[in-house]
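Inspection log for the structure reproduced underneath, given as structure tokens.
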Amino acid sequence: MKKYLMIFLTLGALICTAGCTGKKESGNEDVKDATGVAKNIEQQKDDVEDNKIKNDAVIMVVGDSKITYSEVVVYIKMLKQQYESTFTSKVWDFPVSDDKTFEDMAKDEIINQIARLKIMGFEAEDMDVSLNADEKLDIEDDAVKFLQGINMDDQKEYGINQNIVEKIYKDNYLAQKVFDVVTAAVDTNVSDDEATAVDVKYIKMVFDGTDRKGKTYSGTSQDKEEVRKKMDVLFDEVVTKGKDFDYYAQKYSDDEEIAKSLTSADVEEKVYEEARRLSDKQYSSIVEGKDAFYLMYCTNSKDTSNLEENKEKIIAKRQDDVFNDLYVKWLGKYDTFIVTDLWNMIHIAQI
112 MKKYLMIFLT LGALICTAGC TGKKESGNED VKDATGVAKN IEQQKDDVED
162 NKIKNDAVIM VVGDSKITYS EVVVYIKMLK QQYESTFTSK VWDFPVSDDK
212 TFEDMAKDEI INQIARLKIM GFEAEDMDVS LNADEKLDIE DDAVKFLQGI
262 NMDDQKEYGI NQNIVEKIYK DNYLAQKVFD VVTAAVDTNV SDDEATAVDV
312 KYIKMVFDGT DRKGKTYSGT SQDKEEVRKK MDVLFDEVVT KGKDFDYYAQ
362 KYSDDEEIAK SLTSADVEEK VYEEARRLSD KQYSSIVEGK DAFYLMYCTN
412 SKDTSNLEEN KEKIIAKRQD DVFNDLYVKW LGKYDTFIVT DLWNMIHIAQ
462 I
């Protein structure tokens, strides 16, 4: 049920290896999220006391919705529960690029998710989507369970209460219902042939994003030319001279995973179509994707081992594409503001 809450908690966008660009795809377009369009507003004089942000200080404004520090802290607490149990509190300092830590990316994702949920809530009114009595009871139960996992000292310090937590769960429930309405007409028929995966090993070299060494590229023609020359060298070593593919993939690829099982839901269409063309033990040409070059080696051109799972992924991708196309339009309807000075004072590990 709570799809958007679970998306937020798992923060799949953060588990990117070097080479992530922080962009979401919708068809052939990049989906800008709130961090790409948000404007800065100044903090108020009474937002900080004794070098601490006041709980009622406004951190974000989305449309006519004001998000306080207490509400932001709840999102952070959810995030910490998800990650620190596995990776410890040191995860937030982990560098993911030359100028960003895991905390930086997590904070960006918090902004994006809050804005997305608020905007979907606004649209729910226009779509006549609302919560029923059973869902409201579920929200109350979920809020109680969440608060049981937060010690009383933190609840008092950050002003976390039942109303604030219920508001967040309400946003998530509404978002799920809006998503379901928007994607209701998506074709859910997927043939066995379309769900058959192509297993490959691949080398990915980013020209728009951050590579494995932390170097950032901007997708310019100069960047493409520079990276293409590197890929040409690897192609010559691996394909022409027959040197060990795994060695070069592990040493130079901007994706830590060199073995992939590809369907149309896993990569952009251009890369997938080239993979589909391959026979077993065949190399691809160098493929220019949206933000990277690819070189693939096919290990199994007809992998039917996960047909049902692949069908679910393909359907989910279709739904996401439909939703993201609409969300781009919604995002332009509502102004998003960040109180940057306050936002920069927030450190996840300290909450």
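Going by my numbering, the sequence shown opens with residue 112, and the numbers climb by one from there.
By construction, the Cβ of each residue, glycine as well, lies at the ideal position given by its N, Cα and C atoms.
These figures come from a predicted structure and were not determined experimentally.
Could you give the distance in angstroms between the alpha-carbon of Leu-430 and the alpha-carbon of Leu-258? Before going on, a small fix: residue 430 reads as Gln here, not Leu. Distance between the alpha carbons of Gln-430 and Leu-258 is about 33 angstroms.
CA-CA distance, Val-289 and Leu-228? Here the alpha carbons of Leu-228 and Val-289 stand approximately 10 angstroms from one another.
Here's the rule I'm using: 16 or more other beta-carbon atoms within 10 Å means buried, otherwise exposed. How should Glu-182 be labelled? buried
Can you look up Val-297 in the DSSP assignment and give me helix, strand or coil? coil
For a test of the three-state rule: what should DSSP assign to Ala-460, helix, strand or coil? helix
Below 8 angstroms, how does it come out for the stretch 443-459 and the stretch 385-403: are there three or more Cβ pairs, yes or no? They do not touch, by the three-pair rule.
Let me know the secondary structure DSSP gives Thr-128 once reduced to three states. Caution applies to Thr-128, whose pLDDT of 30 falls short of 50 and renders its modelled position unreliable; the value that the coordinates give is listed next. DSSP places Thr-128 in coil when its eight states are reduced to three.
Apart from the five residues on each side of it in sequence, which residues of its chain come closer than 7 angstroms, Cβ to Cβ, to Asp-158? Ile-164, Lys-165, Ala-168 and Leu-453
Using a Cβ-Cβ cutoff of less than 8 angstroms, which residues in the same chain neighbour Thr-327 once the five nearest sequence positions on both sides are dropped? Ser-208, Asp-209, Asp-210, Gly-320 and Thr-321
To the nearest angstrom, how far is the alpha carbon of His-458 from that of Met-189? Going from the Cα of His-458 to the Cα of Met-189 covers about 14 angstroms.
For Phe-213, does the three-state DSSP call read helix, strand or coil? helix
Going by DSSP, what residue range makes up the beta strand (DSSP E) through Phe-404? 403-414
How long is the line joining the alpha carbons of Glu-384 and Thr-374, rounded to whole angstroms? 9 angstroms
For the alpha helix (DSSP H) containing Ala-306, name the first residue and the last one. 303-306
List the DSSP bridge partners of Met-171. Ile-178 and Ile-449
Here's a check: name, in chain order, each residue in its chain whose Cβ is nearer than 6 angstroms to the Cβ of Ile-187, leaving out the five neighbours to either side. Ile-459 and Ile-462
Neighbourhood of Thr-410 by C-beta distance below 8 angstroms, restricted to the same chain and skipping five residues each side: Asp-310, Val-311, Lys-312, Ala-370, Asp-391 and Lys-392
Give the single residue among Arg-323, Gln-224 and Asp-304 whose Cα lies nearest to the Cα of Asp-282. Gln-224
So within the stretch 263-299, which uninterrupted alpha helix (DSSP H) runs reach at least 4 residues, ignoring any that extend past its ends? 263-269 and 273-293
By the three-class DSSP mapping on this structure, what secondary structure does Ala-226 have? helix
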